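Participant: Take this structure first; my questions come after.
There are 2 protein chains.
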Amino acid sequence: MSNETLHVALGDRSYPIHIGAGLLARAELFAPHVRSRRVAIVTNAAVASRYERRLRQTLESAGAKSFSIAMPDGEAHKDWKSLDAIFARLLEEGADRKTVIVALGGGVVGDVAGFAAATYQRGVPFLQVPTTLLAQVDSSVGGKTAINHALGKNMVGAFHQPLAVVADTDTLATLPERELAAGLAEVVKYGFIADAAFLDWIEAHAAQLVARDASALSYAIRRSCEIKAAVVAEDERESGVRAILNFGHTFGHAIEAAMGYGEWLHGEAVGAGMVLAARLSAAQGRIANSDALRVERVVAALGLPVAAPAIGVEDWLTHMGRDKKNEEGRVTLILLDALGKAAIVRDTPAAAIRKIVSAS
Amino acid sequence: MSNETLHVALGDRSYPIHIGAGLLARAELFAPHVRSRRVAIVTNAAVASRYERRLRQTLESAGAKSFSIAMPDGEAHKDWKSLDAIFARLLEEGADRKTVIVALGGGVVGDVAGFAAATYQRGVPFLQVPTTLLAQVDSSVGGKTAINHALGKNMVGAFHQPLAVVADTDTLATLPERELAAGLAEVVKYGFIADAAFLDWIEAHAAQLVARDASALSYAIRRSCEIKAAVVAEDERESGVRAILNFGHTFGHAIEAAMGYGEWLHGEAVGAGMVLAARLSAAQGRIANSDALRVERVVAALGLPVAAPAIGVEDWLTHMGRDKKNEEGRVTLILLDALGKAAIVRDTPAAAIRKIVSAS
């Protein structure tokens with residue numbers, strides 16, 4: 001039961017990220033945040049059946065009284081309806097501004113519970129307890145919360161930093177294979193955008209990662225969180241560099257929206273999206289074709305799709321045109337200037353984008 | 001066309017409050033915030049018919065391109081449905097993170113448009129252009145935004161400060177009489193909680209205020225905004241003193257919720273609520289009975305109801321039990337220690353509250 005603790009440095013909104021095995025049972029990690037408080041655990045039925053009882057016992061040991069709110073599972077439920085049901089339960093339970101919300105689950109639970117915490121009574125404290133690889137390496141860190149709108153993914157949300165992130169790596173043992181791969185997409189993203197040495201390591205350990213080797217996964221989570229924490233500390237509200245964390249996501253969000261939320265997992269769409277972004281980077285002369293091929297090879301080695309689904313060119317452009325990074329009608333893309341070095345690019349010709357998505 | 005400018009001191013979120021006649025035509029007040037930007041004006045049909053054209057011309061002179069989004073009028077529409085429709089229009093218009101939202105209207109428009117600005121793409125800039133007295137003296141200043149939940153008023157929202165408040169006092173000329181009185185409730189609230197001299201002035205000028213004497217209204221707005229700006233600067237997120245601005249509101253919110261949103265105007269409910277809070281203050285020995293009677297007399301002189309509607313005692317307690325100020329199941333009330341001095345009180349016996357509402 002060892003663990004490592006990283007820190008997200010954001011002044012008076014700084015917080016720890018605890019990573020390790022068996023952390024769901026470690027009352028001392030929760031106590032500073034929940035002692036003498038009421039706690040609302042937001043989760044879903046599948047996660048609850050495995051971990052809710054253990055977490056509630058731990059919270060009790062930490063001096064908190066808790067109750068649970070289960071939301072439906074899956075990206076299709078990352079919407080106002082789920083949020084409204086959470087608000088109703090909080091009100092029925094008499095939750096007040098001191099009540100702590102704990103997000104127990106994957107990215108959908110974390111995003112919705114986080115947005116509920118950001119807006120219930122204009123903001124209550126919350127903790128992230130991510131139980132999927134994707135949530136542990138990406139969505140639980142950095143304070144982005146959101147729900148989807150019928151017209152666009154993550155279009156309604158808030159920046160609301162958690163009090164702490166508690167990532168128990170034991171929860172990954174039961175993760176479905178597709179969700180493991182989806183999390184590895186975000187892991188390798190950090191290599192592509194910021195750390196060529198980490199990319200080399202991922203490539204060398206792809207088989208161990210896919211086989212859930214505990215020490216490989218543990219290192220991958222820690223290095224991913226280190227990179228994310230550094231980027232978030234530099235640019236909390238994405239006025240600049242934080243946008244590089246969106247590598248592969250402009251194409252990925254278009255895939256998710258075009259196919260219907262939940263058909264493709266977010267990480268799968270990001271996997272195929274990174275391949276397209278790398279091809280576009282090569283087509284624009286930013287990286288060599290061999291680099292783009294290496295991106296494709298590593299993505300495939302992690303068990304992810306490299307070919308985007310069939311989407312009409314106009315649909316691609318419509319969905320990409322709604323990306324939050326865009327300004328004044330121009331699509332903003334994250335491209336690569338090298339493996340390990342991302343660039344925020346606002347002037348990609350539409351014809352170049354058309355060519356890449358037509359060929360996909 | 002003179003104006004005065006106050007400031008809300010909140011570090012890098014500081015902003016000006018411009019108050020005066022004819023300000024809707026003053027492009028130089030808008031230009032620093034909207035030049036070269038797209039602007040989404042959120043308003044309702046009644047306000048739009050009077051002021052939208054003028055504001056759009058002014059915004060154009062200020063170098064902005066604008067479009068309008070009309071929401072339905074009234075407290076009953078301060079809900080997710082209105083918000084969702086605003087998001088849909090913003091997305092259809094291709095609004096991005098640089099788009100500025102302008103709230104043109106009363107408290108409902110300001111609260112909903114402000115919450116839309118707080119959460120659209122995780123936050124975009126916004127301007128408050130209040131056109132009712134209540135919005136000019138209270139809801140447009142301080143960054144509180146919210147929608148109602150079926151189970152409680154203002155239960156879902158965010159703190160999101162505007163870039164500026166532009167209060168054109170000319171808009172008060174056409175305000176319905178009930179809405180004028182509703183605004184005066186918030187004006188006299190500042191006297192009750194923080195400024196005995198202002199209370200004396202209001203009492204002496206009640207007739208002029210009700211008759212819309214321009215110079216009396218102008219002074220009342222300025223002094224109200226000064227007091228509110230000082231309180232907000234001291235406690236932006238209501239962790240302490242800001243709660244005194246809620247004087248009369250715990251009873252008032254219960255009236256609004258029990259009668260159905262929109263039956264009683266917010267300011268009317270606050271008027272009757274302040275009378276109850278003053279009576280409770282006297283019953284608790286905090287102020288003299290004569291002080292409580294003076295509160296009732298001034299509230300009546302401003303054209304406001306002093307008698308609460310018939311609500312069963314249990315309903316009173318249920319609704320008051322859902323107030324956002326409450327902690328650990330105890331009702332938090334704002335009472336008076338003197339006329340001009342409010343106190344935050346967490347230990348009022350339930351029996352004392354029952355007695356006051358039973359007699360109402």
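From first to last, the protein sequence lines stand for chains A and B.
full-length UniProt numbering puts the first sequence at residues 1 to 360.
full-length UniProt numbering puts the second sequence at residues 1 to 360.
Glycine is no exception: its CB is placed at the ideal position from the N, C-alpha and C atoms.
Note that the structure is predicted; figures quoted are calculated from it, not measured.
Look at T318 of chain A and N326 of chain A and say whether their C-beta atoms are less than 7 Å apart.
Facilitator: no
Participant: For L110 of chain B, I'd like the list of residues in its chain whose CB is within less than 7 Å of its CB, leaving aside the five on either flank, ordered along the chain.
Facilitator: The residue you asked about is not Leu; residue 110 of chain B is Gly in the sequence shown. Here the set comprises A103, Q128, P130, A135, S139, S140.
Participant: Taking the C-alpha atoms as reference points, what is the distance between L339 of chain A and L245 of chain A?
Facilitator: 14 Å
Participant: Is the beta carbon of F247 of chain B closer than 7 Å to that of K341 of chain B?
Facilitator: Between K341 of chain B and F247 of chain B, the CB-CB gap reaches or exceeds 7 Å.
Participant: What residues in the stretch 64–89 of chain B have a beta carbon less than 8 Å from any beta carbon of chain A?
Facilitator: Listed in sequence order: W80, D84, F87, A88.
Participant: Given a cut-off of 7 Å, decide if A272 of chain B and A282 of chain B are closer than it, judged by their beta-carbon atoms.
Facilitator: no
Participant: Using a Cβ cut-off of 8 Å, pull out every chain B residue sitting near R56 of chain A, in sequence order please.
Facilitator: Neighbours of R56 of chain A on chain B: none; closest Cβ ~20 Å, over 8 Å.
Participant: Under a CB-based cut-off of 7 Å, is Q121 of chain B close to chain A?
Facilitator: yes
Participant: Grab me the residues of G191 of chain A's own chain with a C-beta within less than 6 Å of its C-beta, minus the 5 sequence neighbours each way, in chain order.
Facilitator: F198, L199, I202
Participant: For the stretch 250–257 of chain A against the stretch 304–311 of chain A, do three or more pairs of beta-carbon atoms, one drawn from each stretch, fall closer than 8 Å, so that the two count as touching?
Facilitator: Cβ pair count under 8 Å is three or more, so yes.
Participant: Using a Cβ-Cβ cut-off of 7 Å, state whether H149 of chain B counts as contacting chain A.
Facilitator: Judged by the 7 Å Cβ criterion, H149 of chain B is in contact with chain A.
Participant: For G142 of chain A, which residues in the same chain have their Cβ closer than 7 Å to its Cβ, ignoring the five residues on either side in sequence?
Facilitator: Excluding its 5 nearest sequence neighbours in each direction, G142 of chain A has C-beta neighbours in its own chain below 7 Å: K228, V232, listed in chain order.
Participant: Entirely within the stretch 56–141 of chain B and at least 3 residues each: give me those beta strand (DSSP E) ranges in chain order.
Facilitator: 65–71, 100–105, 126–130
Participant: Look at the alpha carbon of V345 of chain B and the alpha carbon of I334 of chain B, and state the distance between them as a whole number of angstroms.
Facilitator: 6 Å
Participant: Tell me which residue opens and which closes the beta strand (DSSP E) that L333 of chain A is part of.
Facilitator: 333–338
Participant: Please list, in chain order, the chain A residues whose beta carbon lies closer than 9 Å to that of I114 of chain B.
Facilitator: The question names Ile, but residue 114 of chain B is Gly in the sequence shown. Near G114 of chain B there are no residues of chain A at all, since even the closest Cβ is about 11 Å away, more than 9 Å.
Participant: Tell me, which residues are paired with L6 of chain A by DSSP?
Facilitator: A:I17
Participant: Mind listing the chain B neighbours of G94 of chain A? Cutoff is C-beta to C-beta under 9 Å, in chain order.
Facilitator: In chain order: G321, R322, N326, G329.
Participant: Does the pairing of the stretch 152–170 of chain B with the stretch 299–307 of chain B give three or more beta-carbon distances under 8 Å?
Facilitator: The stretch 152–170 of chain B vs the stretch 299–307 of chain B: no contact.
Participant: Against chain E, with Cβ distances strictly below 7 Å, would F126 of chain B count as a contact?
Facilitator: Protein chains in the displayed structure are A and B, and chain E is not among them.
Participant: Please confirm if K98 of chain B has its CB atom under 7 Å from at least one CB of chain A.
Facilitator: Interface residue, yes.
Participant: Would you call the stretch 276–290 of chain B and the stretch 211–231 of chain B touching, i.e. three or more CB-CB distances under 8 Å?
Facilitator: no
Participant: Using a Cβ-Cβ distance under 7 Å, would V34 of chain A count as near chain B?
Facilitator: So no, V34 of chain A is outside the interface.
Participant: Please list the segments of the beta strand (DSSP E) lying wholly inside the stretch 265–349 of chain B, counting only runs of 3 or more residues, in order along the chain.
Facilitator: 333–338, 341–345
Participant: Can you give the beta carbon distance from T99 of chain B to R38 of chain B, rounded, assuming they're within the 8 Å contact cut?
Facilitator: 5 Å
Participant: Counting only the same chain and skipping the five closest in sequence on each side, list residues whose C-beta sits under 8 Å from that of Y15 of chain B.
Facilitator: H7, V8, Q161, P162, L163, A164, V165
Participant: Between the C-alpha atoms of A182 of chain B and T58 of chain B, what's the straight-line distance to the nearest angstrom?
Facilitator: Distance between the alpha carbons of A182 of chain B and T58 of chain B is about 29 Å.
Participant: So, with DSSP's three-state summary, where would you put A27 of chain A?
Facilitator: helix
Participant: Going by the DSSP bridge assignment, what does W149 of chain A pair with across the sheet?
Facilitator: A small correction: the amino acid at residue 149 of chain A is His; Trp does not occupy that position in the sequence shown. According to DSSP, which records beta bridges pairwise, H149 of chain A is partnered with A:G152.
Participant: Can you tell me where the beta strand (DSSP E) holding D168 of chain B begins and where it ends?
Facilitator: 164–168
Participant: Take G20 of chain A as the anchor and find which of A:A352, A:K65, A:E28, A:N3 has the nearest alpha-carbon.
Facilitator: A:N3
Participant: Using 10 angstroms around the beta-carbon of D347 of chain A, count the other beta-carbons present and answer buried if the total reaches 16, otherwise exposed.
Facilitator: With fewer than 16 other Cβ atoms within 10 Å, it is exposed.
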